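Take 16 as the starting number for the sequence shown in the numbering used here and just add one per residue.
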Amino acid sequence: MYNEEFKRGFLWSIKGKKELYKTAEKIFEVAKEYEMVLGKDLYQFEPDEIERVIKSYVHGVGITAIKMAISALLQYFDYAKKNKKVNINPMIKYDYLGDYKHYLDETTIIANIITEEEYRYIINNLYNPIDACIIALIWEGLEFEELRNLKISDIDLEKGIINLPDRILHMPDYLRELVSDAIEEDFYVRENGNGKKYRLAYTGYLVRMELRGNNVEPVVNPNVLSFKIRRIGESLGYENLNYQWIRKSSIINFVLKNGEDWEKIKDKYGYNIKPEDIRYFISPYLKMLKGE
Numbered sequence: 016m017y018n019e020e021f022k023r024g025f026l027w028s029i030k031g032k033k034e035l036y037k038t039a040e041k042i043f044e045v046a047k048e049y050e051m052v053l054g055k056d057l058y059q060f061e062p063d064e065i066e067r068v069i070k071s072y073v074h075g076v077g078i079t080a081i082k083m084a085i086s087a088l089l090q091y092f093d094y095a096k097k098n099k100k101v102n103i104n105p106m107i108k109y110d111y112l113g114d115y116k117h118y119l120d121e122t123t124i125i126a127n128i129i130t131e132e133e134y135r136y137i138i139n140n141l142y143n144p145i146d147a148c149i150i151a152l153i154w155e156g157l158e159f160e161e162l163r164n165l166k167i168s169d170i171d172l173e174k175g176i177i178n179l180p181d182r183i184l185h186m187p188d189y190l191r192e193l194v195s196d197a198i199e200e201d202f203y204v205r206e207n208g209n210g211k212k213y214r215l216a217y218t219g220y221l222v223r224m225e226l227r228g229n230n231v232e233p234v235v236n237p238n239v240l241s242f243k244i245r246r247i248g249e250s251l252g253y254e255n256l257n258y259q260w261i262r263k264s265s266i267i268n269f270v271l272k273n274g275e276d277w278e279k280i281k282d283k284y285g286y287n288i289k290p291e292d293i294r295y296f297i298s299p300y301l302k303m304l305k306g307e
């Protein structure tokens with residue numbers, strides 16, 4: 016690590032932020048080669064030199080990792096400024112965060128899409144029916160708030176439909192079975208079946224959390240649900256799994272299979288979806304399939 020004592024001081028200042036700490040360590044390893052050649056610390060780099068470090072670090076990673084990398088650099092330069100190493104934070108001048116997508120290459124985009132096969136692997140290897148159901152409902156079209164607020168009374172297992180505020184979602188047979196199992200589920204076993212067993216609270220909503228004490232929120236907290244999705248991913252080796260990653264992957268798989276019929280897409284995924292929001296991510300797949 017170049018200028019190790021100073022960088023260790025910065026790492027110590029962010030020791031309570033685990034992901035940021037790990038990201039900063041990795042960036043420092045990437046930057047070391049450039050620092051050795053240029054004979055100066057990262058905080059002395061010119062904008063084009065910073066750009067080179069970012070591009071070297073983010074090659075083959077996803078948007079979340081890119082944002083974290085840029086955040087780590089911003090904070091490192093702030094730390095250097097506070098310690099009177101520089102007069103300004105050079106990254107403040109540039110809209111790195113607002114334009115992070117230009118760091119994504121096509122390989123990165125393709126690598127960060129869950130395929131149909133991977134999706135099947137995930138839901139087939141989850142011990143708790145509610146976990147598989149959460150992932151499956153996102154994949155089959157539910158928006159985040161729809162998932163949080165989905166009541167058991169909104170579900171008609173006999174007809175195989177879910178009544179949503181703006182549409183009716185038709186469940187494939189496998190999803191109907193998952194939903195049925197999730198409704199009947201009384202206990203939850205942590206660590207994908209390898210941890211402690213807890214009774215689930217009954218709230219009238221499909222997504223339920225472990226019963227702890229008498230005060231149970233009927234609708235799961237959004238941060239709790241996001242954390243739960245992430246933990247589900249980690250149990251199968253998908254770090255940083257989140258709602259957007261699952262949803263975007265599902266939409267791309269759907270479009271590649273069925274074409275850009277946006278009425279069908281909206282019927283499945285909701286009427287908030289915009290074509291321009293995902294075409295950027297679809298285009299590398301289309302080019303690949305066409306052999307371009």
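Virtual Cβ for every residue (Gly too), placed ideally from N, Cα, C. Please read all numbers here as calculations on a predicted model, not as lab measurements.
Run through DSSP, which three-state label would Glu-225 get?
strand
Give the secondary structure of Leu-172 by DSSP, where H, G and I count as helix, E and B as strand, and everything else as coil.
coil
Nearest-angstrom Cα distance between Ile-153 and Phe-43?
37 Å
In angstroms, rounded to a whole number, what distance separates the CA positions of Ile-24 and Lys-30?
The sequence given here has Gly at residue 24, not Ile. Approximately 10 Å between the Cα atoms of the pair.
Within 10 Å of its beta-carbon, does Lys-289 have 16 or more other beta-carbons around it, so buried, or fewer, so exposed?
exposed
Cβ-based neighbour list, Lys-100, same chain, cut-off 6 Å, excluding 5 preceding and 5 following:
Tyr-58
What is the DSSP secondary structure of Arg-135, counted as helix, strand or coil?
helix
Rounded to whole angstroms, how far is the Cβ of Arg-6 from the Cβ of Ala-216, which I believe are closer than 8 Å?
No answer is possible for residue 6: the residues shown for the chain start at 16 and end at 307.
Could you check if Arg-262 is buried or exposed, using at least 16 other CB atoms within 10 Å of its CB as the buried criterion?
buried
Considering only residues of the same chain and omitting the five flanking positions on each side of Tyr-286, which have a CB-CB separation below 7 Å?
Asp-181
Are the CB atoms of Ala-197 and Ile-145 within a distance shorter than 8 Å?
yes
Going by DSSP in three states, Leu-157 sits in which element: helix, strand or coil?
coil
Is Ile-145 helix, strand or coil when you go by DSSP?
helix
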